[in-house]
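What follows is one structure encoded as C-alpha cells, with my remarks underneath.
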Amino acid sequence: MPADKLSLYLAHRAALVDYAAPIVGCRARAEDVVQEAWLRFDGREPDAQAIGHPVGYLYRIVRNLSLDLTRRLATERRQPDGDAVLAELPAETASPEREVAGIDELQLISEALAELPQRTRTAFEMHRLGGYTLQQVATALGVSVGLVHQLVHDALAHCSARLEQADG
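Counting from 1, position 137 in the sequence shown corresponds to residue 137 in full-length UniProt numbering; the numbering is continuous, with no gaps.
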C-alpha cells in the first residue's frame, strides 16, 4: 500500500500545488503545503477503514493546511512581533483587593437579579448567562423577540443602577 500512496501522490502532486497556490498566495508556499500534506497522508495510521476517495482526502488535507497557513500569515501581518509583545505583558492576576471588589460586585448583581420579576430574570439569565439567542428565549417564554430584548435591557439597567448606588 505505501507504494500505492506514493504513486497516487506523485500523480497528483503538480495539480495539488496548482490547487494550493491561489489559496496561500505563492507557489513556494504551495510546495511546502503539499509536502506537509504528503507527510500527513503517508503518516496516517493504516486501519480497517480504508479511505474511500484517497485523492479527495489528499485535496482536503492540502485545502485545510493552505487555509491554516493563510490565517497564520494574516495574523503575523497584523502583529508581526506578537510573541514578543505577549511575553512582555504582565500576568493577569488580580490583586486581593480587586478580587474582593469583584466578589462584592457579583453579590450585588445577584441581589439585583433576585429583585427582578421572574420573567425578566429568566430572560436575562437565558440570554446573557446561558448564551441563548433572543429568538430562542422568546420561543421558550412564549413572547415576542422585541419583548425579550426589552426584558434583558431592563435587567441590565436595574443591575447597573444597583452597582451605581453601591459606589455612591
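Here a beta-carbon is modelled for each residue, glycine too, at the ideal position from N, C-alpha and C.
Is it buried or exposed, residue i, if we count other Cβ atoms within 10 angstroms and call 16 or more buried?
i, result
"T139", "exposed"
"H127", "buried"
"I61", "buried"
"A28", "exposed"
"L16", "buried"
"V100", "exposed"
"A30", "buried"
Out of curiosity, what's the CA-to-CA distance linking residue i and residue j?
i, j, result
"D4", "R13", "14 Å"
"L151", "W38", "55 Å"
"I103", "A123", "23 Å"
"S66", "A74", "12 Å"
"S7", "P54", "12 Å"
"G25", "R40", "22 Å"
Could you check where the alpha helix (DSSP H) with residue i kicks off and where it finishes?
i, result
"C26", "It is not in any alpha helix (DSSP H) - C26 carries neither H nor E in the DSSP assignment."
"H127", "That residue, H127, is in no alpha helix (DSSP H); it is neither H nor E in DSSP."
Let me know the secondary structure DSSP gives residue i once reduced to three states.
i, result
"I51", "coil"
"V143", "coil"
"L116", "coil"
"T93", "coil"
"T75", "helix"
"A44", "Inspection of the sequence shows that residue 44 is occupied by Arg rather than by Ala. In the structure shown, R44 sits in coil (DSSP, three-state: anything other than H, G, I, E or B)."
"T70", "helix"
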